[in-house]
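**Student:** A single structure is presented below for examination.
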Amino acid sequence: MLQLTSITKSYFQKIAVDDVSLTLNEGEIFGLLGPNGAGKTTLIRIINRIIEPEKGEVRYHGELMKGKHLAEIGYLPEERGLYKTMTVYDHAVFLGRLRRMSKEEVNRSLNTWLEKFEITSWKNKRIEELSKGMAQKVQFICAVLHEPKLLILDEPFSGFDPVNVELIQNELKSMKKAGKTILLSSHNMKSVEEICDRAALIHQSKKILEGSVLELRENRKDGRFAIKFKGNMLAFTHALWTGFELIEKEELAKDRFVAYVAMRGENNFQDLLKTLIGQIEIEAAWEVLPSMQQIFIETVTGKNI
Amino acid sequence: MNVSWLVAQRELKERIKTRSFIGMAIVGPLLVMLLVYILFSVGENNKPHWNVLIVDPAGIMDNKILANTTGSIGYDFANNYVQLKDFEKSKRFQKYDALLELNEKIISNKAAFLFYKEKPSFLFATSIQFHLERRLEEVMVGRFSKMSVQEFRGIKQPVTIAFRNLYDPKNESYSLSSWVGFFFGGVILLFILLFGMTILRSVSSEKSNRIVEVLLASVKPRQLMFGKIAGIGIAAIVQFIIWTVLIWIGLFILRETLFPNMLHISNWDLSEMTSKTTSGMEDSLFRSKAYNDFVELVYSRIQFGDMLVFFLLFFIGGYIFYGTFFAALGATSGSENDGQQFVLPIMALLIIALWAGYYTVQNPLSDLTYILSFVPFSSPMVCMVKLAQGYSLGEGYQIYVSFIILALSSFATLRIAGRLYQNGILQFGHRLKLTQFVTWLKNG
């Protein structure tokens with residue numbers, strides 16, 4: 616759906632984006648990750664045609680990105696604002712009409728979203744009367760008012776409490792189900808893990824990782840498994856014997872543990888379970904994958920954590 | 191709908207709802223009316239009676255003039271040439287305060303010179319002008335037409351008297367109407383400054399609260415800038431229309447209440463009136479409150495149609511010319527207060543323009559005035575003064591040339607400012623330096 620090829624942009628001899636290529640498929644949520652100053656916002660601005668790249672091109676459905684395509688894109692920037700003296704309704708009408716909507720369409724769509732978020736009473740309130748969190752919701756609504764096919768969100772969860780993060784996440788999932796494509800730039804790695812299908816990591820202006828979230832985590836796994844059990848820790852350790860190695864343990868309560876185990880020799884997860892059954896009461900067992908947070912920090916800092 | 195127009199509409203709605211806009215719409219006209227009142231009431235008492243010698247060697251006036259001899263101006267006629275030196279020094283002319291020189295060309299060019307010893311008050315000046323004009327109308331009707339005076343007055347053109355200091359007859363300051371032009375030009379500059387600062391504040395606040403990035407996803411920076419300038423400009427025009435209407439009403443109220451004696455029939459000696467108007471007309475003419483010298487200047491002598499049309503044209507041109515600088519400044523500054531230091535050079539230009547207007551009032555025919563009328567920084571001011579003074583025959587094209595230069599310059603500054611706006615609008619937190627302007631100008 617969206618294809619970025621060799622995008623390069625610099626400001627006053629400082630390279631902000633260096634030869635970055637990305638592809639977003641229709642109906643997926645794509646996470647754009649990277650530390651502050653990596654070039655994510657510049658890349659997003661280039662997609663939105665707010666700034667132009669020095670090199671490279673952006674294609675939307677195979678066509679070079681043009682002004683006419685912007686009507687199909689919704690954008691929620693990281694640094695966002697609203698006109699304080701305008702009402703929610705006036706705001707929506709103004710921004711909606713800039714996106715080529717009629718007043719009636721704006722009104723219809725606004726009502727739907729206000730009802731969905733259970734905030735219909737805000738419609739005629741001035742922005743200055745709203746709290747920061749409330750204003751954030753209005754900003755989100757204004758970004759999706761015109762039912763964009765591609766939604767670009769730069770740090771959409773910042774400023775929201777956990778309840779509202781959940782609310783927005785669910786909305787994004789619903790939009791994905793409805794076939795919308797979402798580009799999500801976020802530092803909230805938990806959210807990225809939960810809702811993104813694929814992700815790319817930008818560091819020092821370059822793309823250094825790209826792939827499905829699961830793939831990225833699988834590629835970084837170190838062969839550790841976790842066993843959550845009830846029983847005696849000594850019995851557990853004896854059972855492992857020479858075929859497995861206890862790496863780490865967490866005591867959850869009296870005689871309740873999570874133990875992290877590595878394989879030795881040709882042993883695998885099945886062998887581990889066979890060895891443990893009968894010795895302890897297994898509550899859960901899973902392969903330990905690194906979190907996106909871990910991958911992020913390790914990649915950016917070059918240190919293992 | 192064009193996105194610039196949507197931005198302009200929002201800006202317009204936002205402006206006209208503000209307290210400062212409403213306050214300015216009320217206080218502005220009140221201040222102007224106060225100024226008018228002071229202008230016409232103070233300074234009228236310094237000389238209660240004026241003696242004017244009308245030098246009319248061609249006998250055009252037939253030694254008659256409509257005058258309130260019992261009132262404040264007395265006229266005598268001389269049917270031979272009087273040298274200015276004689277008038278200044280000779281004892282027999284000591285009792286006269288001014289010499290009104292008429293020659294045979296007055297019938298065609300409607301121009302006369304009045305040489306004064308002491309500058310006449312505004313009221314006297316307009317009264318003399320009014321008296322001469324009335325008499326000339328009768329003379330011309332008698333000579334060239336079978337119309338009645340009343341009919342003629344329906345189609346008349348105003349006479350211009352050039353008031354000159356007897357001791358400095360070459361000073362061709364048409365001060366009376368010049369100041370009206372100066373007022374119009376001053377209003378242009380005032381509006382440019384006030385609404386230019388509004389542009390600066392609006393751009394800076396959009397930038398600092400970051401709404402600009404949301405807008406830029408739908409609107410190109412140049413479209414945003416143009417919409418903003420247009421919206422605030424329309425608000426300025428709305429403000430001006432309110433001023434015009436309120437000042438108009440205020441002048442009417444002044445005419446009817448504070449200055450009714452200026453037109454009251456008791457102030458005129460009807461026996462002195464010339465005989466060629468019918469008595470019925472005299473009655474209707476002088477009972478009518480329409481003939482107040484003061485109002486005559488404001489309502490008839492000033493060519494309000496031309497003045498307002500050119501006011502609008504030069505306001506729009508000047509506003510865009512200066513407004514683009516304010517917009518570029520707002521867009522390139524790192525914070526809301528950062529741009530303030532760069533407002534000073536723009537204000538300096540506006541002050542120079544104001545001085546240019548004053549210079550034009552004093553030196554309407556100088557070379558510098560001629561040049562300043564074409565320079566876009568000063569032309570809105572200078573051209574309004576020159577328009578009020580009246581362009582000489584064959585020189586009327588100059589105002590169009592001035593406007594075309596201003597329009598082209600505004601177009602150029604719009605492009606330059608657009609480039610600065612585009613490059614600066616998404617730069618935050620820096621401290622604005624001149625070198626950045628240059629860099630942003632280069633990065634097209």
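Protein chains in written order, with this note's numbering: chain U, 616 to 920; chain C, 191 to 634. Where is the CB? At the ideal position from N, CA and C, for every residue including glycine.
Where D266 of chain C and Q284 of chain C are concerned, what is the direct C-alpha to C-alpha distance, given to the nearest angstrom?
**Tutor:** Between D266 of chain C and Q284 of chain C, the C-alpha separation is close to 13 Å.
**Student:** Going by DSSP in three states, S717 of chain U sits in which element: helix, strand or coil?
**Tutor:** Residue state, collapsed to three classes: coil.
**Student:** Out of U:P771, U:K805 and U:L782, state which residue places its alpha-carbon closest to the alpha-carbon of I797 of chain U.
**Tutor:** Ranking U:P771, U:K805 and U:L782 by Cα distance to I797 of chain U puts U:P771 first.
**Student:** Can you give the Cα-Cα distance for H853 of chain U and F872 of chain U, rounded to whole angstroms?
**Tutor:** If I take the Cα positions, the gap works out to 15 Å.
**Student:** Give the range of the alpha helix (DSSP H) segment to which M571 of chain C is assigned.
**Tutor:** S569 to Q579 is the span of the alpha helix (DSSP H), which, as asked, contains M571 of chain C.
**Student:** Cβ atoms of I767 of chain U and N663 of chain U: under 8 Å apart, would you say?
**Tutor:** Contact flag set, yes.
**Student:** Could you give the first and the last residue of the continuous alpha helix (DSSP H) run that contains N785 of chain U?
**Tutor:** Its alpha helix (DSSP H) spans residues P777 to K792.
**Student:** Of all the options U:K670, U:M616, U:I912 and U:P692, which has the alpha carbon lying nearest to the alpha carbon of I644 of chain U?
**Tutor:** Closest by alpha carbon: U:M616.
**Student:** What residues from the stretch 301-313 of chain C come within 8 Å of chain U, judged by C-beta to C-beta, listed N to C?
**Tutor:** Cβ contacts with chain U come from no residue of the stretch 301-313 of chain C.
**Student:** Within this structure, are the beta carbons of W901 of chain U and F859 of chain U separated by less than 8 Å?
**Tutor:** Their beta carbons are not under 8 Å apart, which means W901 of chain U does not touch F859 of chain U by this criterion.
**Student:** I'd like to know whether the C-beta of T629 of chain C is nearer than 8 Å to at least one C-beta of chain U.
**Tutor:** At least one chain U Cβ lies under 8 Å of T629 of chain C.
**Student:** At a CB distance below 7 Å, what residues from the stretch 640-651 of chain U approach chain C? Give them in sequence order.
**Tutor:** The residues in question: there are none.
**Student:** Between the stretch 680-701 of chain U and chain C, which residues of the former have CB atoms less than 9 Å from a CB of the latter, in chain order?
**Tutor:** Hits within the stretch, in order: G682, L685, A686, I688, G689, Y690, L691, P692, E693, E694, R695, G696, L697, Y698, K699, T700 and M701.
**Student:** So what does DSSP say about Q626 of chain C, is it helix, strand or coil?
**Tutor:** Note: Q626 of chain C maps to helix in three-state DSSP.
**Student:** Of the choices U:S820, U:L829, U:A874 and U:D837, whose alpha-carbon is the least far from that of T580 of chain U?
**Tutor:** Absent from the model: residue 580 of chain U. The displayed extent of chain U is 616 to 920, so no value can be given.
**Student:** Does the stretch 666-683 of chain U come close enough to the stretch 619-627 of chain U that 3 or more CB-CB pairs lie under 8 Å?
**Tutor:** Output reads yes: the stretch 666-683 of chain U touches the stretch 619-627 of chain U.
**Student:** Would you please verify whether the beta carbon of N739 of chain U is less than 8 Å from any beta carbon of chain C?
**Tutor:** Output row for N739 of chain U: interface = no.
**Student:** Flag I665 of chain U as yes if its beta-carbon sits less than 8 Å from any beta-carbon of chain C, otherwise no.
**Tutor:** Closer than 8 Å: yes.
**Student:** Look at the alpha carbon of Q618 of chain U and the alpha carbon of A521 of chain C, and state the distance between them as a whole number of angstroms.
**Tutor:** Approximately 31 Å, taken between the alpha carbons.
**Student:** Measuring only between beta-carbons, confirm whether I595 of chain C sits less than 8 Å from chain U.
**Tutor:** No, I595 of chain C does not count as interfacial toward chain U.
**Student:** Looking at chain C, is there any beta carbon in it that lies within less than 8 Å of the beta carbon of L798 of chain U?
**Tutor:** By this cut-off, L798 of chain U is not an interface position.
**Student:** Hey, how far is the Cα of A631 of chain U from the Cα of L691 of chain U?
**Tutor:** Those two C-alpha atoms are separated by around 20 Å.
**Student:** Under 8 Å between C-beta atoms, does R832 of chain U make it to chain C?
**Tutor:** For R832 of chain U, the answer is no, since every Cβ of chain C falls outside 8 Å of its Cβ.
**Student:** Residues in the same chain with beta-carbon distance under 7 Å from T702 of chain U, minus the five sequence neighbours each way, listed in chain order, please.
**Tutor:** So the list reads N739, K740 and R741, once near-sequence residues are dropped.
**Student:** Straight-line CA distance for I212 of chain C to A653 of chain U?
**Tutor:** One C-alpha to the other measures close to 48 Å.
**Student:** Name the chain U residues that come within less than 7 Å of A407 of chain C, Cβ to Cβ?
**Tutor:** Here the neighbours are N663, I665, L685 and Y690.
**Student:** Since K795 of chain U is in the alpha helix (DSSP H), which residue starts that stretch and which ends it?
**Tutor:** Per DSSP, K795 of chain U belongs to no alpha helix (DSSP H) and is neither H nor E.
**Student:** Which residues does DSSP list as the beta-bridge partners of F504 of chain C?
**Tutor:** The partner list for F504 of chain C (beta bridge, DSSP) is empty, contrary to what the question assumes.
**Student:** Going by Cα to Cα distance, which pick from C:F373, C:I382, C:D528 and C:S568 is closest to Q579 of chain C?
**Tutor:** Here the closest residue by C-alpha is C:F373.
**Student:** Identify the residues that DSSP records as bridge partners of M878 of chain U: which are they?
**Tutor:** Per DSSP, U:F859.
**Student:** Taking the alpha-carbon positions, what's the E781 of chain U to F775 of chain U distance?
**Tutor:** Their backbone Cα atoms lie some 9 Å apart in a straight line.
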